[in-house]
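In the numbering used here, the protein residues as written are 234 to 482.
The beta-carbon is built from N, C-alpha and C at its ideal position, and this holds for glycine as well.
This one's a predicted model, so the numbers in the text were calculated from it and none came from an experiment.
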């Protein structure tokens with residue numbers, strides 16, 4: 234009775250062996266070598282049972298393990314040796330499918346490892362691109378703000394130059410028409426005009442520098458946006474390729 238229970242327990246596992254349906258063993262099944270051990274125990278149990286009560290063995294296979302005699306290619310009159318051969322065939326098939334399943338597991342693990350590494354790299358690149366984009370945006374905003382201030386100063390300086398130029402021209406005209414000597418006033422106006430003109434020219438030069446820097450920053454920003462788009466698309470493509478590769482395993 235103990236032997237029959239052992240056989241019953243072992244052969245019940247054969248129900249999931251894809252002998253009749255032609256289905257392949259899943260990765261989860263292949264990950265369990267204990268199933269193979271149980272099948273080995275089954276064969277050994279039948280070997281121990283050799284030559285004794287073949288009807289009981291067939292009953293275990295058909296009623297308890299779920300096989301049909303037609304599927305197994307056996308009959309109620311089959312000899313034990315034929316039953317044992319059939320079990321050996323099932324065992325060999327199971328071993329082959331187990332190896333195939335383990336191979337698929339290894340292939341899947343390889344794909345996942347490669348995909349993980351690629352995703353890590355792409356994620357890092359995407360983060361770097363986003364950080365660089367944020368930095369470039371901040372730099373462009375700072376340059377734009379500075380240029381606004383300098384433009385304001387330049388406008389004020391230009392207006393002052395115009396006012397001083399007009400005042401100087403008026404002072405010179407007054408001196409000529411009234412024959413007055415206002416040399417000090419004229420000299421002071423000329424000094425102020427020269428100083429303001431110098432400041433205006435310096436501001437104009439600064440504006441040119443800022444315009445150049447702003448143009449470069451805008452170009453760099455656009456290049457980073459293109460790069461970020463490319464990295465994002467590469468990430469999407471990589472995920473799609475991973476799915477296709479895993480589906481093919």
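Short Cβ contact (8 angstroms threshold) for residue i with residue j
| i | j | result |
| --- | --- | --- |
| residue 447 | residue 376 | yes |
| residue 454 | residue 370 | yes |
| residue 378 | residue 436 | no |
| residue 380 | residue 450 | no |
| residue 423 | residue 401 | yes |
| residue 419 | residue 403 | no |
| residue 426 | residue 397 | yes |
| residue 325 | residue 307 | no |
| residue 348 | residue 471 | yes |
| residue 468 | residue 355 | yes |
| residue 439 | residue 383 | yes |
| residue 415 | residue 408 | yes |
Cβ neighbour criterion (16 or more within 10 Å) applied to residue i
| i | result |
| --- | --- |
| residue 459 | exposed |
| residue 462 | exposed |
| residue 330 | buried |
| residue 464 | buried |
| residue 316 | buried |
| residue 258 | Caution is warranted here: a pLDDT of 37 is assigned to residue 258, below 50, making its placement in the model unreliable, and the coordinate value is therefore given only provisionally. It is buried - the Cβ of residue 258 has at least 16 other Cβ atoms within 10 Å. |
| residue 255 | No answer about residue 255 holds up, because its pLDDT of 39 lies below 50 and its placement is not dependable. |
| residue 385 | exposed |
| residue 314 | exposed |
| residue 362 | buried |
| residue 332 | exposed |
heavy atom of the ligand NAP below 7 angstroms from residue i C-beta
| i | result |
| --- | --- |
| residue 371 | The ligand NAP is absent from the structure shown, which contains no ligands of any kind. |
Alpha helix (DSSP H) segment containing residue i, residue limits
| i | result |
| --- | --- |
| residue 305 | 302-305 |
Touch test, the region 359-367 against the region 425-443, Cβ-Cβ under 8 angstroms, three pairs minimum: No: the two stretches stay apart, fewer than three of their Cβ pairs being nearer than 8 angstroms.
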